[in-house]
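Protein chains: 2
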Amino acid sequence: MADRPLTGSNDRSFENTLRDAIPRPQSAGGSPCAACPVRDLSFCNALTDEELDHLNRVSSDVSLTSGQSLFDEGAPADHVYNVTTGAMKVYKLLSDGRRQITGFLFPGDFLGLATRDAYAYSAESICSTTLCRFNRQKLENLLKDFPKVERRLLGIASDELALAQDQMLILGRKTAKEKIASFLLMLSNRAQKSGNKSNPISLPITRTDMADFLGLTTETVSRTITQLKTSGMITLMSGNEVRLENRDALEDMAEGE
Amino acid sequence: MADRPLTGSNDRSFENTLRDAIPRPQSAGGSPCAACPVRDLSFCNALTDEELDHLNRVSSDVSLTSGQSLFDEGAPADHVYNVTTGAMKVYKLLSDGRRQITGFLFPGDFLGLATRDAYAYSAESICSTTLCRFNRQKLENLLKDFPKVERRLLGIASDELALAQDQMLILGRKTAKEKIASFLLMLSNRAQKSGNKSNPISLPITRTDMADFLGLTTETVSRTITQLKTSGMITLMSGNEVRLENRDALEDMAEGE
DNA sequence: CGGGCTTTTGAGGAATTTCAACGTATGTGG
DNA sequence: CCACATACGTTGAAATTCCTCAAAAGCCCG
């Protein structure tokens, strides 16, 4: 914990300067959005190819190396983002450095929804990541013409809300073992939903980040994973992959049965 | 804990039969919605008096006594609601009866947002409560004509999401004392936002419900409140009221400072 | 006034954290 | 190519917070 900045959670005002932001070609024969790899996963899929071009005009690309900050809690919320490749974590800090990761974001996930003019959390990449960046103001103007995007965003927000409620159940009422089991299953389900293989799951997340997501310490996470491994529920493989050996049993464990 | 139903959390299918549902007079000279006490707090305030009449046509009133269930997790999500008076709790259950309350709802709060066709949580009144009930399907049809309501709902969902993230920080990373302090402040802020007095706050919530909201046991809640009382931070008054004696100190405590 | 419910208080125990040390991987520079 | 630095992961032992079990006290309402 001592290796984390002891910065207060609300007094910072950082948004990545985004020197890497790459403006998009303007309708140079077919919007780049039309060929976006995560188009079907993200809110953009509410639009037709033609309409998509309007979106393209207010967006640019951002590249982050692993561990780079995108913005900090409290900074003016000038942009929203869509993850295209890689993965992000979003988190909140207490003044003494305690951290709660409130979510991990994968390709297609939306980032930066906020009603206030400041971000309610910080966002940082957990591996090499690219995002699609929208100017909030311009996007909002666009939304007025495309209510179906707004509807899609409402659906996304509702889904996120449901996830958040699941997470509250995990944080408030589950044991360490149940938390880890729930987490592995969540990753597996999520991989499946975005069209990746759901069983040997890739785990590009450090023990520390898992701990901060599940309300545990790294030591407890490590011990618990060892336990799961020893009892034959999972197998740790090379390349940060985890094989779920008995999905049903893991599901029972996650629900405390 | 033994006094709670040991019902699984996903296999129930209850929505209050609502014999008490009172259909609204149909534009009998001025929509009842126009005179709604929580109109300014709820999503309805996106509409003009005239437009409000459309909303009135798809809504009815529901009355609940204290402790009555409105719907259970897993039931078909046929309605959404607005709290008009009283208060509700929403929660999720584990199969062994462990419970996580994910939120308390007060007048003006919106209830039932879901993308799936089943409720993701159960809802129950914590005191005598009335709600405004909308048929989901009819409301959604209406939304197509009133995108500004959809925008308002998106704003509401975003606010709820921010609250949920605060709650995750509380559940995952705060101590018992910090949790209680955060909770009291949250109630106070909320009361203020809906135009009630923010200092001697009314606490219509049992120790058990507080515990299930904060990821603690009733005993720990009781002990911690006693501690706060003894140290002069709060005073327990008659009628379930709590006076915050030193708001600043309480805020510091809530943030772990 | 008595019964049922919620709240408080106490004592002991358990899960998890803390502190500390060691092991493992990865990359850098000599 | 190897030594070294650095980050991450594992393991152990002690400490602590919070939970569990138990009982008494307070409160509300018929």
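So the sequence lines, in the order shown, correspond to chains A and B.
Mapping the first sequence onto the numbering used here, position 257 (from 1) lands on 258, and the numbers just tick up by one.
Mapping the second sequence onto the numbering used here, position 99 (from 1) lands on 100, and the numbers just tick up by one.
For each residue, glycine too, the CB sits at the ideal point set by N, CA and C.
Just so it is clear, the structure is predicted and the values come from calculations on it, not from any experiment.
- Restricting attention to A35(B), L251(B) and H55(B), the CA atom closest to the CA of L144(B) is found in H55(B).
- Your pair L71(B) and M89(B) checks out as a contact, with CB atoms roughly 7 Å apart and the cut at 8 Å.
- A residue is called buried once 16 or more other Cβ atoms fall within 10 Å of its Cβ, and T130(B) is buried on that count.
- Of all residues in the stretch 101–131 of chain B, only Q101, I102, T103, G104, L114, A115, T116, R117, A121 and Y122 place a beta-carbon less than 9 Å from a beta-carbon of chain A.
- In terms of beta-carbon proximity, S232(B) stays away from the interface with chain A, with every pair separated by 7 Å or more.
- The residue among M169(B), T103(B), K175(B) and R244(B) with its C-alpha nearest the C-alpha of E74(B) is T103(B).
- Nearest Cα to A192(A) within the set S43(A), S64(A), N46(A) and F107(A): F107(A).
- One thing to note: A47(B) has its Cβ no nearer than 7 Å to the Cβ of R134(B).
- In this structure, A78(A) is the residue among L42(A), A78(A) and S239(A) with its C-alpha nearest to the C-alpha of R137(A).
- Residue contact check for R99(A) against chain B: a CB pair falls below 7 Å.
- Around L217(B), the same chain offers A177 and K180 as residues with beta carbons nearer than 7 Å, after the five sequence neighbours per side are excluded.
- The three-state secondary structure of A158(A), taken from DSSP, is helix.
- Residues of the stretch 138–157 of chain A with a C-beta less than 7 Å from any C-beta of chain B: P148, E151, R152, L154, L155 and G156, listed in chain order.
- Of all residues in the stretch 158–185 of chain B, only A158, S159, D160, E161, L162, A163, A165, Q166, Q168, M169, L170, L172, G173 and R174 come within less than 7 Å of chain A when Cβ atoms are compared, listed by chain position.
- At a beta-carbon threshold of 8 Å, none of the residues of chain B lie near E246(A); the nearest stands roughly 23 Å away.
- With 16 or more other Cβ atoms from the protein chains shown falling within 10 Å of its own Cβ, T225(B) counts as buried.
- Secondary structure note for T209(A): it is in no beta strand (DSSP E), and the uninterrupted alpha helix (DSSP H) holding it is R208 to L215.
- In the three-state reduction of the DSSP assignment, R25(A) falls in the coil class.
- Using a Cβ-Cβ cut-off of 7 Å, E51(B) does not count as an interface residue toward chain A, since no Cβ of chain A sits closer than that to its own.
- According to the DSSP assignment, D62(B) belongs to the beta strand (DSSP E) that extends over S60 to L65.
- If you draw a 10 Å sphere on the C-beta of S14(A), you find fewer than 16 other C-beta atoms in it, and that means exposed.
- Membership of E220(A) in any beta strand (DSSP E) is not indicated; the residue belongs instead to the alpha helix (DSSP H) covering T219 to T231.
- Within chain B, E256, G257 and E258 have C-beta atoms less than 7 Å from the C-beta of S96(A), given in sequence order.
- Within chain B, the residues placing a beta-carbon under 9 Å from that of K93(A) are Q166, D167, M169, L170 and R174, ordered along the chain.
- Residue contact with chain A for G68(B): absent (no Cβ-Cβ distance below 7 Å to any residue of chain A).
- Put simply, of E16(A), G173(A) and R40(A) the residue whose alpha carbon is nearest the alpha carbon of V150(A) is R40(A).
- As a beta-bridge residue in DSSP terms, T86(A) pairs with T131(A).
- At least one C-beta of chain B is nearer than 7 Å to the C-beta of G216(A).
- Relative to the Cα of T85(A), the nearest Cα in the group T49(A), A119(A), C45(A) and A76(A) belongs to C45(A).
- R174(A) is a Cβ neighbour of R99(B), given a cutoff of 7 Å.
- Of the candidates L65(B), A165(B) and R244(B), R244(B) places its Cα closest to the Cα of L185(B).
- Rounded to the nearest whole angstrom, the C-alpha separation of V63(A) and L132(A) is 5 Å.
- Closest by C-alpha distance to E246(A), out of Q166(A), S61(A), F214(A) and S199(A), is S199(A).
- Taking the C-beta atoms as reference points, E141(A) is found no nearer than 7 Å to S96(B).
- Taking the Cα of F105(B) as reference, the smallest distance to any Cα among E252(B), T49(B) and Q168(B) is reached at Q168(B).
- Contact annotation: V81(B) and A124(B) have beta-carbon atoms that are not nearer than 7 Å.
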